[in-house]
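In this note's numbering, the protein residues as written are 31 to 124. In this text, a Cβ means the ideal position worked out from N, Cα and C, and glycines have one as well. The structure appears below as structure tokens.
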């Protein structure tokens, strides 16, 4: 919001007050969006079977196609959610 932006502008040497920055933001139709508190998405006490940890934190592979790992992340966009899934070979890191 305006207070944080004013602090940043002052740190860069500009002399604005909070009211001036707030008015400028209003004229431009800009509003601050508060960040959300992180909440884990997995529930560990569900009682369902869980896959064994086969790697046991050993991320070294002596050759190709021995160990593959993957992950998924969710990216919020103006049009909705995008899902990014990545799978890599630990030997080549590609």
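Quick one: grab the DSSP three-state call for residue i.
{"i": "residue 115", "result": "strand"}
Which residues in the same chain as residue i place their Cβ atom closer than 8 Å to its Cβ, once the five residues preceding and following it in sequence are excluded?
{"i": "residue 92", "result": "121"}
Do the CB positions of residue i and residue j come within less than 8 Å of each other?
{"i": "residue 95", "j": "residue 119", "result": "yes"}
{"i": "residue 46", "j": "residue 39", "result": "yes"}
{"i": "residue 102", "j": "residue 113", "result": "yes"}
{"i": "residue 32", "j": "residue 64", "result": "no"}
Exposed or buried, which one is residue i when buried takes at least 16 other CB atoms within 10 Å?
{"i": "residue 116", "result": "exposed"}
Can you name the start and end residues of the beta strand (DSSP E) that residue i belongs to?
{"i": "residue 101", "result": "98-107"}
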